[in-house]
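Chains as they are written, first to last, in the working numbering: chain A, 11 to 227; chain B, 11 to 227.
Worksheet for the structure shown next.
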């Protein structure tokens with residue numbers, strides 16, 4: 011299989027998605043921490059930029075080749091290590107799972123990441139309260155869209171009774187909801203899915219609270 | 011092949027991506043316009059929400075089944091109509107193309123879409139000038155990241171000499187750069203790719219300026 015290295019950050023939700031995917035596939039990997047705040051952000055170093063021109067985490071290295079963007083990484087893992095599959099083979103089912111992933115990946119999360127919050131502060135003088143309200147708004151938007159999309163398809167997980175890529179993207183979004191005190195009570199399907207996700211060892215091991223770079227106190 | 015219907019909006023860059031993909035694959039489709047501003051936004055109607063729970067364009071209907079999110083749609087088209095392929099078969103090459111797509115899809119464009127600009131106005135009192143400056147910042151971020159990623163791979167197009175999904179995402183980003191007066195002179199690779207894109211009939215036909223819902227004056 012070749013060696014896998016994951017450049018990532020314990021709290022980054024895109025990193026968390028990829029850790030879940032790696033664990034679900036039982037792929038061992040070397041964890042390399044990239045601190046997004048220390049020294050202005052380690053992702054901005056020239057060395058890291060060579061690995062990831064967007065200057066963000068995660069970056070997967072496999073056999074010496076670098077891949078950025080959580081969607082591209084998880085789709086790649088599904089090709090080189092297809093057991094278990096995280097995207098269904100049927101084209102329409104696959105598209106639905108990818109649509110669910112993108113609701114989080116392109117719809118909700120990018121609008122409240124550290125880069126964007128920094129710009130809100132710089133340009134509009136947004137303080138921590140305003141940033142938190144902004145973040146809550148987009149987390150809620152993602153939860154509502156995802157709930158509506160998966161309701162007809164969900165079993166224990168977002169699509170049926172086995173975890174898929176959609177769960178890799180959903181679980182970090184649920185963790186963000188907790189962190190910013192967005193209640194999930196209005197989303198019964200997602201709440202059920204979350205319970206199933208939280209019972210999985212692969213997902214527990216990927217949690218931001220238990221990574222090598224998680225602060226100890 | 012079954013019938014294809016595309017719910018979309020002439021100026022939406024995610025719609026433009028999908029129109030390019032459909033044209034490159036020579037897939038005929040019915041154009042259904044969804045006006046993102048009229049009456050507060052036609053995408054917010056209950057009828058449309060049933061097709062697309064994120065309440066956004068585009069939505070592809072194929073054989074009566076609805077798919078949202080441009081990435082999921084283009085990946086789906088590559089499966090049901092693989093000639094020409096927009097994603098390479100080789101897993102690593104495929105991942106690189108998808109990474110390039112995601113730089114635009116999740117990195118740059120979501121941060122300056124209409125939804126986000128509306129919230130900047132509501133929450134921070136951003137006027138049109140502030141919104142334009144915000145938009146330019148994220149367009150520039152996308153251009154720089156994409157330039158850096160594709161430089162070693164680009165030929166006439168983002169990856170080699172044939173158009174790929176990366177070009178479907180790049181061309182609408184270039185159009186946004188024009189619209190917001192971001193110069194592309196600092197991005198020689200992208201400028202070369204753009205010239206190749208603009209010469210393609212498939213891309214010309216997909217342009218916002220020539221759609222059925224494009225205003226006539």
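From the three backbone atoms N, C-alpha and C, an ideal C-beta is built for every residue, glycine too.
Strand pairing of residue i, partner residues [DSSP]
i, result
"residue 72 (chain A)", "A:14 and A:75"
"residue 170 (chain A)", "A:164"
Identity of the residue in the options nearest residue i by Cα
i, options, result
"residue 190 (chain B)", "B:70, B:211, B:214 and B:149", "B:149"
"residue 178 (chain A)", "A:132, A:70 and A:81", "A:81"
"residue 41 (chain A)", "A:33, A:50 and A:18", "A:18"
"residue 25 (chain A)", "A:35, A:11, A:37 and A:43", "A:43"
"residue 53 (chain A)", "A:124, A:207, A:11 and A:147", "A:124"
"residue 112 (chain A)", "B:85, B:181 and B:160", "B:85"
"residue 117 (chain B)", "A:63, A:197, A:194 and A:140", "A:63"
"residue 65 (chain B)", "A:14, A:154 and A:128", "A:154"
"residue 69 (chain B)", "A:207, A:221 and A:105", "A:105"
"residue 21 (chain A)", "A:99, A:205, A:210 and A:188", "A:188"
"residue 216 (chain A)", "A:37, A:11, A:196 and A:92", "A:37"
"residue 90 (chain B)", "B:13, B:156 and B:61", "B:13"
"residue 225 (chain B)", "B:34, B:45 and B:213", "B:45"
"residue 209 (chain A)", "A:11, A:28, A:16 and A:34", "A:34"
"residue 167 (chain A)", "A:119, A:96, A:120 and A:130", "A:96"
"residue 147 (chain A)", "A:171, A:157 and A:119", "A:119"
"residue 23 (chain B)", "B:198, B:182 and B:130", "B:182"
"residue 198 (chain B)", "B:134, B:159, B:108 and B:94", "B:159"
"residue 102 (chain A)", "B:102, B:87 and B:128", "B:87"
"residue 164 (chain A)", "A:152, A:132, A:202 and A:140", "A:202"
"residue 122 (chain B)", "B:207, B:141 and B:180", "B:141"
"residue 92 (chain B)", "B:31, B:194 and B:79", "B:31"
"residue 184 (chain A)", "A:11, A:16 and A:27", "A:27"
Boundaries of the beta strand (DSSP E) in which residue i is found, first to last residue
i, result
"residue 41 (chain A)", "40 to 43"
Residue i (DSSP reduced to helix, strand or coil)
i, result
"residue 117 (chain A)", "helix"
"residue 184 (chain B)", "helix"
"residue 224 (chain A)", "coil"
"residue 95 (chain B)", "coil"
"residue 152 (chain A)", "helix"
"residue 20 (chain A)", "coil"
"residue 195 (chain B)", "coil"
"residue 158 (chain A)", "helix"
"residue 212 (chain A)", "helix"
"residue 36 (chain A)", "coil"
"residue 140 (chain A)", "helix"
"residue 190 (chain B)", "coil"
"residue 217 (chain A)", "coil"
"residue 200 (chain B)", "helix"
"residue 50 (chain B)", "helix"
Residue i classed as buried or exposed, judged by whether at least 16 other C-beta atoms fall within 10 angstroms
i, result
"residue 138 (chain B)", "exposed"
"residue 49 (chain A)", "exposed"
"residue 219 (chain B)", "exposed"
"residue 73 (chain B)", "exposed"
"residue 47 (chain A)", "exposed"
"residue 174 (chain A)", "buried"
"residue 161 (chain B)", "exposed"
"residue 108 (chain B)", "buried"
"residue 128 (chain A)", "exposed"
"residue 205 (chain A)", "exposed"
"residue 132 (chain B)", "exposed"
Residue range of the unbroken alpha helix (DSSP H) whose run includes residue i
i, result
"residue 85 (chain A)", "80 to 90"
"residue 58 (chain B)", "56 to 61"
"residue 108 (chain A)", "101 to 112"
"residue 67 (chain A)", "Segment: none, residue 67 (chain A) is in no alpha helix (DSSP H) and carries neither H nor E."
"residue 132 (chain B)", "124 to 134"
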